[in-house]
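Worksheet: one structure, shown below.
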Amino acid sequence: MQTNNPFQSIVPKPICPSLINSPAVHLPPSSKPLLKPPHAISISTPNGSTTPTTRVLTLDVVDDSVAAFWDYQFLFVSQRSETTEPVTLRVVKGAVPPEFPSGTYYLTGPGLFSDDHGSTVHPLDGHGYLRAFSFEKINGDEAKVKFMAKYVKTEAQVEEHDPVTGTWRFTHRGPFSVLKGGQKVGNTKVMKNVANTSVVSWGGKLLCLWEGGDPYEIEPKTLHTVGKVKLMEGCDPAAESGADDGGVWDVAARLLKPILYEVFKMPPKRLLSHYKLDASRNRLLMMSCNAEDMLLPRSHFTFYEFDSSFKEVAKQEFTIPDHLMIHDWAFTDTHYILFANRIKLDIVGAMTAVCGTTPMITALAVNPSKDTSPIYLLPRFPDEVNSRDWRVPIEAPSQFWLLHVCNAYENLDENGNSEIQIRGSACSYEWFNFQKLFGYDWQSGKLDPSVMNINGSESLPHLVQVSIKLDAYGNCQRCDAEPLNEWNKSSDFPVINPAFSGTENKYIYAAASSGSRSALPSFPFDMVVKLNASTKSVHTWSVGSRRFIGEPTFIAKGSDEDEGYILVVEYAVAVQRCYLVILDSKKIGAADALVARLEVPKHLNFPLGFHGFWASDE
Numbered sequence: 359m360q361t362n363n364p365f366q367s368i369v370p371k372p373i374c375p376s377l378i379n380s381p382a383v384h385l386p387p388s389s390k391p392l393l394k395p396p397h398a399i400s401i402s403t404p405n406g407s408t409t410p411t412t413r414v415l416t417l418d419v420v421d422d423s424v425a426a427f428w429d430y431q432f433l434f435v436s437q438r439s440e441t442t443e444p445v446t447l448r449v450v451k452g453a454v455p456p457e458f459p460s461g462t463y464y465l466t467g468p469g470l471f472s473d474d475h476g477s478t479v480h481p482l483d484g485h486g487y488l489r490a491f492s493f494e495k496i497n498g499d500e501a502k503v504k505f506m507a508k509y510v511k512t513e514a515q516v517e518e519h520d521p522v523t524g525t526w527r528f529t530h531r532g533p534f535s536v537l538k539g540g541q542k543v544g545n546t547k548v549m550k551n552v553a554n555t556s557v558v559s560w561g562g563k564l565l566c567l568w569e570g571g572d573p574y575e576i577e578p579k580t581l582h583t584v585g586k587v588k589l590m591e592g593c594d595p596a597a598e599s600g601a602d603d604g605g606v607w608d609v610a611a612r613l614l615k616p617i618l619y620e621v622f623k624m625p626p627k628r629l630l631s632h633y634k635l636d637a638s639r640n641r642l643l644m645m646s647c648n649a650e651d652m653l654l655p656r657s658h659f660t661f662y663e664f665d666s667s668f669k670e671v672a673k674q675e676f677t678i679p680d681h682l683m684i685h686d687w688a689f690t691d692t693h694y695i696l697f698a699n700r701i702k703l704d705i706v707g708a709m710t711a712v713c714g715t716t717p718m719i720t721a722l723a724v725n726p727s728k729d730t731s732p733i734y735l736l737p738r739f740p741d742e743v744n745s746r747d748w749r750v751p752i753e754a755p756s757q758f759w760l761l762h763v764c765n766a767y768e769n770l771d772e773n774g775n776s777e778i779q780i781r782g783s784a785c786s787y788e789w790f791n792f793q794k795l796f797g798y799d800w801q802s803g804k805l806d807p808s809v810m811n812i813n814g815s816e817s818l819p820h821l822v823q824v825s826i827k828l829d830a831y832g833n834c835q836r837c838d839a840e841p842l843n844e845w846n847k848s849s850d851f852p853v854i855n856p857a858f859s860g861t862e863n864k865y866i867y868a869a870a871s872s873g874s875r876s877a878l879p880s881f882p883f884d885m886v887v888k889l890n891a892s893t894k895s896v897h898t899w900s901v902g903s904r905r906f907i908g909e910p911t912f913i914a915k916g917s918d919e920d921e922g923y924i925l926v927v928e929y930a931v932a933v934q935r936c937y938l939v940i941l942d943s944k945k946i947g948a949a950d951a952l953v954a955r956l957e958v959p960k961h962l963n964f965p966l967g968f969h970g971f972w973a974s975d976e
C-alpha cells in the first residue's frame, strides 16, 4: 500500500508518543533546530482543580517532515476535561453578525485515546465527546457564542471511567483496538458503543449515534446523558421479516446468533450512524443491518422513516445476496440507494480476533474482486415505482469505495424516463484499509500520517458524481461515475444546504486538501471547497499554514441556496488552539469570506471531530 514513508527515517522511535502524548510544535524565528522529547505537565480545569494531562515543551523542528509528524499527532490528543458551565468564546477576528440565526452547532467525535494503564485505542473506538457551540442574541444587536463539552455517558464510558479519581481503565476492546493494559484473551467486550460518530436533533430528542448500536439521548442545554434510546424493537430480525427460508446461510445465521448476541453482546440490529433528512416530507430516515451479516455473504438492511414527532411512519427490509459494509447511503423521492462496498471474511484474521490477539476488524477484508461498483436502487414506496427487480444492481463502470453522500435526487421526464444524480466522496479499495484507518497501528498504538497520504489522486478520498439513467420500465440505459466538477484534490465530508436534501441542488461544500504541504499532501484537510454543479465552478477558502479543518456545516439564512454561513472547526496545531470559524457561504473564494474566528480556551482544546449538526432555535 505504501512504498515511501517520509516519517520513518526522520522521527526517532524512542520519542514516538502514544496518542495521548502527542505534542504540538512551533518554530521560534531565531532558534536553532533542536528536537526535544514530549514533557507532560498538569493544567487547571475550569473549576480550579488540577488535572493531569499532556502538555509539552517547545518542539523545534528540523524540517517539515518532522513538524508534519507532530502536527498530525496533535489532532488526536486526548481531552479529559469537561465543562461544568457554558464558556463564552472570545472573538479573535471579525464579528458574529447580529442576524446570525439562533441555535446550536453540535459536533461529536472521540475524546479519549489512552487510559491510565497502558492501553490506547483507535480513534474510531475513542469515547464520544460532544461539543456544543450555542449562538445567542444579546439585546438584538449582538450575538455571543457559548461553548460546552461533555463525554457521552455510555455504558462503556461509565464502566471505564472513575469519576472520583478521574482515572480511566479500558475494559472494552472495541472493533479496531487491542488492549495492552487489560484483558486480551477471552475479552468478549467487542461492541464498545462509544456514541462518537454523528449527532442529530429530531422530534425533541438530541441523539449521539455510533455505527453499531442504539443511540444515546442527550439533554440539549446541559449535555447530560439521558440514556440509551431503543429505536428498533424486537430482538430476532429473521422472526420479524420472515426471511429465514432454511437455506445454508439461514442455518449459519441461526448458529451465529447465540454467539454474537449472548457471548459478544452484539445487538441483533446495528443502527448505522448516518441518517438522512427528507426536507420535502419532513422526515428522518435511518437504517440498520443485522449483526450476523458481518460474517456472512449476504446483507440484511432495514430502513425506518420517522415523522417530526419521532413516530415511525414507514419501515422496509431488504436482503442482498452479497457481503457488504455500508457506512453512508442515499435516498430520493422513490428510492433508497446503496453503494455496494464489498467485503469478505478473513479466516486467519477471524481466528486471531476471536482469540483477542488482534482487533475484531481483522476478521474482515475489502473485496476488490469486481472491476465495477454495484449500486442497489431499493424501492422506497414499492407500490409507486416500476417493476424493476431491485435485486439486480446497477453497475457503475469503475471500482470505488463510497465514503459519504451529500445528496441524491431524481428527475422524471414526460416519457417516464428518469435520471438519478448522486454526489458524495469515494476512495479506492486499496486506500480503505480496515486495520490502518487514520494511520493507527494497533500493535504499537502509534499514528503514522503516511498511511493517509499515499500517492495517487484516484486512490485518495475525492468527490464524485454518479449519474444513472433509467427508462420507464426501470432498465438502466447509462451509468457514469466521474470526479465532481473535475475536482481531483483529496476531499471528503461533503455537505449541502439541508433544505435541498433529496431534491435538485447546485452547491456542494466539502473539506479538502490544498496539497501545499509535501509531507501531508492529502490529509488532514486544510481548506473548504465550494462547488457549483451547474456552472462547474470551484472556489476555496484556506485555513492557513499548519492549521487543519474538519467537516463543514451549512447554516441557511435566506431563500437562495447558497445564502448563509459555513461553520467549521479550525485545529491550529502550531499554537495548540481550536477555533470556531464562520464563513460567508456566498463569498467562499473571495478575500472577505471569513466572517469571524472564535477561540476555544486552551485548556478545552479537543481532538478532531467527526460529524456535526445545526439545531435551529426557530
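Counting along the sequence shown from 1, when you hit position 121 you're at 479 in the working numbering, and nothing is skipped either side.
Beta carbons: idealized from backbone N, C-alpha and C, even for Gly.
Per DSSP, residue 687 is not a residue of any beta strand (DSSP E), being assigned neither H nor E. Restricted to the segment 659-734, the beta strand (DSSP E) segments that are unbroken, complete and at least 3 residues in length are 670-678, 693-697, 701-703 and 722-724, listed in chain order.
Counting the other Cβ atoms within 10 Å of the Cβ of residue 770 gives fewer than 16, which makes it exposed. Across the set 698, 871, 701 and 721, the C-alpha of 721 shows the shortest separation from the C-alpha of residue 709. Boundaries of the alpha helix (DSSP H) harbouring residue 516: 513-518, taken from the DSSP string.
Between the alpha carbons of residue 454 and residue 965 lies a gap of roughly 24 Å.
The segment 760-809 is shown to contain whole beta strand (DSSP E) runs of 3 or more residues at 776-785, in chain order. Distance between residue 467 and residue 774, taken at the CA atoms: about 44 Å.
Residue 831 is bridged by DSSP to nothing; it lacks a bridge partner.
Sequence-distant Cβ neighbours of residue 817 in its own chain, meaning closer than 6 Å and more than five residues away, are 786, 788 and 789. It is roughly 7 Å from the alpha-carbon of residue 825 to the alpha-carbon of residue 777.
Taking the Cα positions, residue 459 is about 8 Å away from residue 975. Setting aside the 5 residues that flank it on each side, residue 586 is surrounded in the same chain by 572 and 574, each with a C-beta closer than 7 Å to its C-beta; the list follows chain order. One thing to note: residue 536 has its Cβ within 8 Å of the Cβ of residue 716. Looking at the DSSP output, residue 812 sits in no beta bridge, so it has no partner there. The beta carbon of residue 496 is closer than 8 Å to those of 502 in its chain, skipping five residues each way along the sequence. In this structure, the beta-carbon distance from residue 444 to residue 505 falls below 8 Å.
Here the alpha carbon of residue 422 sits roughly 16 Å from the alpha carbon of residue 883.
Look at residue 943 here: in three-state DSSP terms it is helix. In this structure, the CA atom of residue 631 is about 5 Å from the CA atom of residue 568. Residue 560 is bridged by DSSP to 563.
Of the candidates 959, 860 and 902, the residue whose Cα lies closest to the Cα of residue 691 is 860.
For residue 449, the enclosing beta strand (DSSP E) starts and ends at 448-452. Relative to the Cα of residue 877, the nearest Cα in the group 558, 807 and 719 belongs to 807. Minimum Cα-Cα distance from residue 664 among the listed residues 805, 703 and 563 corresponds to 563.
A distance below 6 Å between beta-carbons, with the five flanking residues on each side excluded, links residue 514 to the following residues of its chain, in chain order: 530 and 550. In this structure, the beta-carbon distance from residue 463 to residue 970 falls below 8 Å.
Counting only runs of 3+ residues, the beta strand (DSSP E) found wholly inside the segment 911-955 occupies 911-914, 922-930 and 935-942, in chain order. Here residue 823 carries a strand assignment [DSSP, helix/strand/coil]. About 6 Å separates the beta carbons of residue 904 and residue 429, which is inside the 8 Å limit, making them a contact pair. For residue 553, the CB contacts under 6 Å within the same chain, skipping 5 residues up- and downstream, are 486, 510, 512, 566, 568 and 574 in chain order.
If you look at residue 503, you'll find it in the beta strand (DSSP E) that goes 500-509. Taking the CA atoms as reference points, residue 857 sits about 6 Å from residue 637.
Spatial neighbours of residue 879 in its own chain (CB-CB distance under 8 Å, excluding positions within 5 residues in sequence) are listed in chain order as 811, 848, 871 and 873.
Counting C-beta pairs closer than 8 Å gives three or more between the segment 749-758 and the segment 726-734, which meets the contact rule.
A contact is defined here as three or more CB-CB pairs under 8 Å, and the segment 652-671 fails this definition with respect to the segment 793-806.
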